[in-house]
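Notes for the one structure printed next.
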Amino acid sequence: RKEVEQDPGPFNVPEGATVAFNCTYSNSASQSFFWYRQDCRKEPKLLMSVYSSGNEDGRFTAQLNRASQYISLLIRDSKLSDSATYLCVVNGGFQKLVFGTGTRLLVSP
Amino acid sequence: EAEVAQSPRYKITEKSQAVAFWCDPISGHATLYWYRQILGQGPELLVQFQDESVVDDSQLPKDRFSAERLKGVDSTLKIQPAELGDSAMYLCASKTSITADTQYFGPGTRLTVL
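Chains A and B, in that order, are what the protein sequence lines are. This note's numbering puts the first residue of the first sequence at 1, with every later residue one more than the last. This note's numbering puts the first residue of the second sequence at 1001, with every later residue one more than the last.
Right, here's the structure in full:
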């Protein structure tokens, strides 16, 4: 079993739609969780950290469920510019980040 | 805004040749990482440095890969000899300290081995 698992997609949604991605992780001792965004042929960039209480940044909401060991990302009112790959990232211990394979999002007009 | 610099951005080589990639982290960042990202997958850690010391190189194929950060600033990753399966994006990332949360990635070096 992979340490971090994501549905690779692609998720095809129209502009304005709400879309949600889930991610599961296997290491119950993990303490830090993140969502990174990666545009085609570019480097990953931190989108947001994920806190136990859940957190929101504009149209983006991240949730953490420690009991079930999954993380979610909700994007409301999707924009064309949201088209990218979203990487679920878990701190696997010793400050080592473990990346999922990414979920590809395509927002169409 | 300070950025992580990498060079070259693209490298095409033939198998069995040697290649080297360079990374200059954000000034003052003590922790540096090299990742490999194969198309369609997430980045996988190859090596982690804290200043000039290797903290984790458990995923580095040491028969052909080597990495150094001699003065604790910039770093070089070498592959010798390159194999077809080494074709990937090689990403460098840095952060202020080993306990900091946020890693900043460079633009990467895209390697194609023919």
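C-beta atoms are modelled at their ideal positions from N, C-alpha and C, and glycine is treated no differently. Quick caveat, the model's predicted, so the values are computed rather than measured.
- Residue-level contact check: A/P44 touches chain B, since one or more beta carbons of chain B fall below 8 angstroms from its beta carbon.
- At a cut-off of 8 angstroms between beta carbons, A/Q95 contacts chain B.
- B/Y1090: member of the beta strand (DSSP E) spanning A1088 to K1095, first to last residue.
- With its beta carbon at least 8 angstroms from every one in chain B, A/G16 lies outside the interface.
- Around the beta carbon of B/D1086, a 10 Å sphere encloses 16 or more other beta carbons of the protein chains shown; the residue is thus reported as buried.
- Per DSSP, reduced to three states, the secondary structure at B/D1063 is coil, with no helix or strand assignment.
- Around the C-beta of A/L47, 16 or more other C-beta atoms lie within 10 Å, and the residue is accordingly described as buried.
- By the rule that beta-carbons nearer than 8 angstroms mark a contact, B/G1085 does not touch chain A.
- Comparing alpha-carbon positions, the option among A/V4, A/Q38, A/F99 and A/F33 lying closest to A/S53 turns out to be A/F33.
- When rounded, the separation of the alpha-carbon atoms in A/R59 and A/D77 is 7 angstroms.
- The three-state reading of DSSP puts A/S81 in helix, counting H, G and I together.
- Under the three-state reduction of DSSP, B/L1084 is assigned to helix.
- The C-beta distance from B/L1032 to B/P1025 rounds to 5 angstroms, short enough to fall under 8 angstroms.
- Its Cα nearest to that of A/L105, the residue A/P8 stands out among A/G92, A/V4 and A/P8.
- Spanning the alpha carbons of A/L97 and A/V90 requires a straight line of approximately 6 angstroms.
- Contact between A/V19 and A/F11 holds: CB atoms are separated by about 6 angstroms, below the 8 angstroms threshold.
- Within the model, the alpha-carbon separation for B/Q1017 versus B/L1111 is close to 12 angstroms.
- The three-state reading of DSSP puts A/T18 in coil, since its state is none of H, G, I, E or B.
- Against chain A, the beta carbon of B/G1028 has no neighbour under 9 angstroms; the closest one sits roughly 17 angstroms away.
- By a beta-carbon distance limit of 8 angstroms, A/Y86 does not contact A/T24. Their separation comes to about 15 angstroms.
- Separation of A/E15 and B/W1034 (C-alpha to C-alpha, rounded to the nearest whole angstrom) is 36 angstroms.
- Under the 10 Å beta carbon count, A/E43 is surrounded by 16 or more other beta carbons and is classified as buried.
- In this structure, the beta-carbon distance from B/V1019 to B/Y1104 does not fall below 8 angstroms.
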